[in-house]
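Okay, so here's the structure we're looking at.
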Amino acid sequence: MSFVVNLLVSFLAEPLLSPLQRVYTFLYKNQLHISVEFDHTKAHEMANGIFFREANLPQQKPLDDGVLFPAVLSPTTTTDVTTLSAFKDAIKANKPWLQSLLLKSGAILFRTFPVTSPSDFNDVIEAFGFPEFFYVGGRASRTQIVGRVYTANESPLDKEIPFHHEMSYVPDSPTKLFFFCEEEPGSGGETPIVLSHIVYEKMKEKHPGFVAQLEEHGLTYVKIAGDVDDPSSFTGSSWKSAYKTDDKNVAEERAAKLGTKIEWMGNTAKVITGPVRAIKFDETSQRKTWFNSLAVTYGVPKTNSRNTWVELGSGDPVDDDAMKDLLKILKEECVAIPWKKGDVLLVNNLTVLHSRWPLMKPPRRILASLCK
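In case it helps, mature numbering (1 follows the signal peptide of the UniProt record, and there is no 0) puts the sequence shown at residues -19 to -1, 1 to 353.
This is the structure in structure tokens:
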């Protein structure tokens, strides 16, 4: 009798799964060795999202509890996910499991799913149901493609974009990032990712004094922004593009909401943000993270032709030796998986930094979306 009661409770607890899926989920969770048409492995797949299986790629790095960074998901061999509609339904039905996997791993790469266009990508983003993060005060030039989908960065593809947490220079940053490969690179052009807590731990080991300064004083970011986008720079957005206005007063108001001050030099804006925290504590993982854009802004001369720089919140310069080691650590600890057409990469922006490696052989078209 208790078996029947527990089975009924299981049905009520899993409303998004089909009746058959709920039966096998119940069997697996309760370790009931009953002769059925599907084997134990398939029941395990159902319990963790019947539409997804965790794949392995040589670039992945092992973490605690057998988790890999990033997690790589493909359709299960027992499920025919050949339509976008089926993929969206699978995301909705398995969202809690997917979110749990994202928190454990830091990033999820969805590969060989039927996502072929910017519109498809937008539908996938909507299926997750995360609120949109509006790109106000951003430093990159980006163009809206459709819905919540934008170009990732419009700077020359043969130039590297150093590691950073997206919009780490404002108080409230996006928590999740989506990337989509519409055109697969011929060679190069990867989007490397690295776990932020590892960077913090290694930097604290090598440069405890510098890290202590960062924790005490934070960082101040400065950008010189003209009134026209600079396509040659990966931080080349104009103040008009960044604050979505042609009105200087409106730009100042929107900047102030982000903890940013604007000083005007004719039609050019000197945008000063900070001091802001450079090291953050992630509540979910209970770890400190290297939550900043130091690698992007370090060492850039204070001239209009090179439009951004950073200093300690105390006004002191950044330590050169520490920065050299930082760049080495980022390269050593990162994971760079070559893009395949149709790939969708979901990144936890609170715990993972990302970059862009130079494109060696065109084409390449990666689109992006930011979420709260």
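Beta carbons: idealized from backbone N, C-alpha and C, even for Gly.
For residue i, collect the residues of the same chain with a Cβ closer than 6 Å to its Cβ; drop the 5 residues on either side in sequence, then sort them by chain order.
i, result
"Ser100", "Val127"
"Pro77", "none"
"Glu26", "With a pLDDT of 43 at Glu26, under the threshold of 50, the modelled position of this residue cannot be trusted, and the question is left open."
"Ile106", "Arg129, Phe159 and Ser350"
"Thr201", "Gly255, Pro256, Glu292 and Gly294"
"Thr289", "Lys204, Thr216, Thr278 and Val281"
"Pro(-1)", "The predicted model places Pro(-1) with a pLDDT of 45, which falls under 50 and marks its position as unreliable; any figure quoted below should be read in that light. Around Pro(-1): no qualifying Cβ."
"Ala232", "Trp220, Tyr224 and Thr226"
"Glu244", "Lys251"
From the DSSP output, which residues share a beta bridge with residue i?
i, result
"Asn329", "Lys157"
"Pro43", "Leu49"
"Tyr131", "Gln125 and Ala349"
"Ile260", "Answer by DSSP bridge pairing: none, since Ile260 is not bridged."
"Ile174", "Val316 and His335"
"Tyr279", "Bridge partners of Tyr279: none, in fact."
"Tyr202", "Thr254 and Val291"
"Phe33", "Pro56"
"Glu113", "Cys352"
"Lys242", "Ile253"
"Thr270", "Lys261"
"Phe215", "DSSP output for Phe215 lists no bridge partner at all."
"His145", "His335"
"Glu164", "Arg346"
Does the beta-carbon of residue i have 16 or more other beta-carbons within 10 angstroms, so that it is buried, or is it exposed?
i, result
"Thr265", "exposed"
"Phe111", "buried"
"Ile104", "Ile is not the amino acid found at residue 104; the sequence shown has Asp there. Flag for Asp104 reads buried."
"Asp210", "buried"
"His21", "In this prediction, His21 has a pLDDT of 30, which is less than 50 and means its spatial position is unreliable; what the coordinates show is noted afterwards. That one is exposed."
"Leu38", "exposed"
"Lys353", "exposed"
"Lys261", "buried"
"Leu13", "Confidence at Leu13 is low in this model, with a pLDDT of 34, below 50, so its placement is unreliable and no value can be given for it."
Comparing alpha-carbon positions, which option in the options lies nearest residue i?
i, options, result
"Tyr224", "Lys238, Thr132 and Phe215", "Lys238"
"Met246", "Ala236, Lys183, Ala259 and Lys229", "Lys229"
"Ala88", "Gly170, Leu348 and Val53", "Val53"
"Tyr131", "Ala108, Ala67, Arg258 and Phe115", "Phe115"
"Lys42", "Pro51, Glu196 and Phe91", "Pro51"
"Ile347", "Val231, Ser136 and Cys162", "Cys162"
"Ser219", "Cys352, Ala206 and Asp324", "Ala206"
"Phe68", "Ser222, Gln40, Leu49 and Phe102", "Phe102"
"Met184", "Leu308, Leu82 and Leu49", "Leu308"
"Phe109", "Thr332, Asn134 and Gln80", "Gln80"
"Thr93", "Leu82, Val333 and Leu65", "Leu65"
"Leu311", "Asp153, Asp263 and Leu334", "Leu334"
"Pro137", "Asp306, Val299 and Pro212", "Pro212"
"Leu82", "Pro95, Ser98, Thr63 and Gly47", "Gly47"
"Gln267", "Val96, Glu197, Ala133 and Ser177", "Ser177"
Report whether the distance from the Cβ of residue i to the nearest heavy atom of the ligand MG is below 7 Å.
i, result
"Ala71", "This structure does not include the ligand MG; it has no bound ligands of any sort."
CB-CB under 7 Å to residue i, same chain, minus the five flanking residues each way: which ones, in chain order?
i, result
"Ile179", "Glu314"
"Glu165", "Trp320, Lys321 and Lys322"
"Ala276", "Pro143, Phe144, His145, Leu307, Leu308 and Leu311"
Mind reading off the beta-carbon distance from residue i to residue j? Whole number of angstroms is fine, and I expect it under 8 Å.
i, j, result
"His146", "Ser274", "7 Å"
"Arg337", "Ile142", "4 Å"
"Phe191", "Ala303", "4 Å"
"Gly118", "Thr270", "Actually they do not touch by this definition, with Cβ atoms about 21 Å apart."
"Lys157", "Val328", "7 Å"
"Glu135", "Ser122", "4 Å"
"Ile318", "Glu171", "7 Å"
Could you pull out every residue in the same chain whose Cβ sits closer than 8 Å to the Cβ of residue i, ignoring the five residues on either side in sequence?
i, result
"Lys342", "Pro166, Gly167, Ser168 and Gly169"
"Lys140", "Phe215 and Pro339"
"Leu49", "Glu35, Asn37, Gln41, Lys42, Pro43 and Ser86"
"Ile72", "Leu79, Val105, Ala108 and Phe109"
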